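In the working numbering, the protein residues as written are 504 to 760. Worksheet for the structure shown next.
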Ligand code: PGA
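See below:
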């Protein structure tokens, strides 16, 4: 059984003080049974990692801490970058790698994504590796080719024994921040395809890899995604900024879908 993982990707939002208030508010909205059922992860900007970590620790909350990016080198002359050892020292567990905003706006290549995935595993960070197609690629029927290329390139040379702990986020770019989510059965079809691609790279580890859907997830549509057999959680952007909405997402109820 794959345990669902729902992660908040705050992107470039929230000061460290706002982040602290968010965690305190979320704490009041989630019960221990919610954490038992779903792995909850929060990915603040780098500047709020330390504050979120101490707030989580201080309240003894079962919330995982994630970063939104990292460099593949351990240290060096890379002004503005952050390395895996720096994240590990802050008790970070997850790191989002290859988000489409990094790829499209900042020019990250499949090769960089691969280096980052390998570096993350080397330092015992768990990558949330993002893949997904543009609207033009989808309209040309190129969704599977795109995600297959991204999965194969991203996982090249990754030690096989690490792959079961990988998380992949399938995020169609046209659905991110647009309010236009994918249909759950379409997302299921692409995610099943991604799992079959992982199987061809990693064998049975594919049964353990958790694959999230991302793109305009909100409280009103999460249950439809979670009811799908291959969808193991969500990477949530805009709707994760509000603790009330995010708590409702974590507490999804598939019996209503
Ligand atoms: P969104 O973003 O939920 O605001 O569409 C998702 C993401 O980019 O991870």
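For each residue, glycine too, the CB sits at the ideal point set by N, CA and C. From a predicted model like this one, the values you see are computed outputs, not experimental measurements.
Can you check whether the CB of residue j is closer than 9 Å to the CB of residue i?
i	j	result
residue 491	residue 696	For the chain, the structure presents residues 504 to 760; residue 491 sits outside this window and is missing.
residue 740	residue 512	yes
residue 557	residue 518	no
residue 599	residue 672	yes
residue 509	residue 734	no
residue 651	residue 622	no
residue 555	residue 601	no
residue 617	residue 658	yes
residue 595	residue 569	yes
residue 674	residue 603	yes
residue 714	residue 670	yes
For a test of the three-state rule: what should DSSP assign to residue i, helix, strand or coil?
i	result
residue 585	coil
residue 515	coil
residue 686	coil
residue 538	helix
residue 750	helix
residue 738	strand
residue 679	coil
residue 706	helix
Please classify residue i as buried or exposed, where buried requires at least 16 other C-beta atoms within 10 Å of its C-beta.
i	result
residue 693	buried
residue 808	The displayed coordinates of the chain run from 504 to 760. Any statement about residue 808 would go beyond what the structure contains.
residue 588	exposed
residue 514	buried
residue 534	exposed
residue 723	exposed
residue 728	buried
residue 683	exposed
residue 624	buried
residue 636	buried
Any residue with its C-beta under 6 Å from a non-hydrogen atom of the ligand PGA counts. Can you list them all in chain order? Every residue with a CB closer than 6 Å to a heavy atom of the ligand PGA is listed here in chain order: 512, 674, 679, 680, 717, 718, 719, 720, 738, 739, 740, 741 and 742.
Three-pair Cβ contact test at 8 Å for the segment 540-547 versus the segment 572-582: In short, these stretches do not touch, since the Cβ pair count stays below three.
Between the segment 524-531 and the segment 746-754, can you find at least three pairs of beta-carbon atoms closer than 8 Å? Cβ pair count under 8 Å is three or more, so yes.
So, does the segment 679-689 touch the segment 716-726, judging by three or more C-beta pairs under 8 Å? Cβ pair count under 8 Å is three or more, so yes.
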